[in-house]
Amino acid sequence: MMQGRVVEIMNYNQEKFGVIGSGAWGTAIARHLSIKGYPVRLWSYETSTAESIKINHLNNFF
Numbered sequence: 003m004m005q006g007r008v009v010e011i012m013n014y015n016q017e018k019f020g021v022i023g024s025g026a027w028g029t030a031i032a033r034h035l036s037i038k039g040y041p042v043r044l045w046s047y048e049t050s051t052a053e054s055i056k057i058n059h060l061n062n063f064f
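Residue 3 is where the sequence shown starts when you use this note's numbering, and the numbers rise one by one after that.
This is the structure:
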């Protein structure tokens, strides 16, 4: 019996998504996938938008 051991089970087959563009559509798609539980990376051309999303987890422009 395995007592006192922590076993981490990871789903290595889970799809990962990248969305190019943090406009209205890119933000909506990234948010939808994230809510469904998928890991998502959102690329933004504008640094200020990227920083805002990174800090607030919200796109204040859309």
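Yeah, the Cβ is synthetic: ideal placement off N, Cα and C, and Gly gets one too. Every value quoted in this text rests on a predicted model; they were computed, and no experiment measured them.
Secondary structure at LEU35: helix, using DSSP grouped into helix, strand and coil. Between PHE63 and THR51, the C-beta gap is smaller than 8 angstroms, which places the two residues in contact. In this structure, DSSP gives GLY25 a state outside helix and strand, which the three-state scheme calls coil.
Inter-residue distance for ASN61 and GLN16 is about 26 angstroms (C-alpha atoms, whole angstroms).
Within the same chain, Cβ atoms closer than 7 angstroms to the Cβ of ALA32 are found at VAL21, VAL42, LEU44, the five residues on either side in sequence being excluded.
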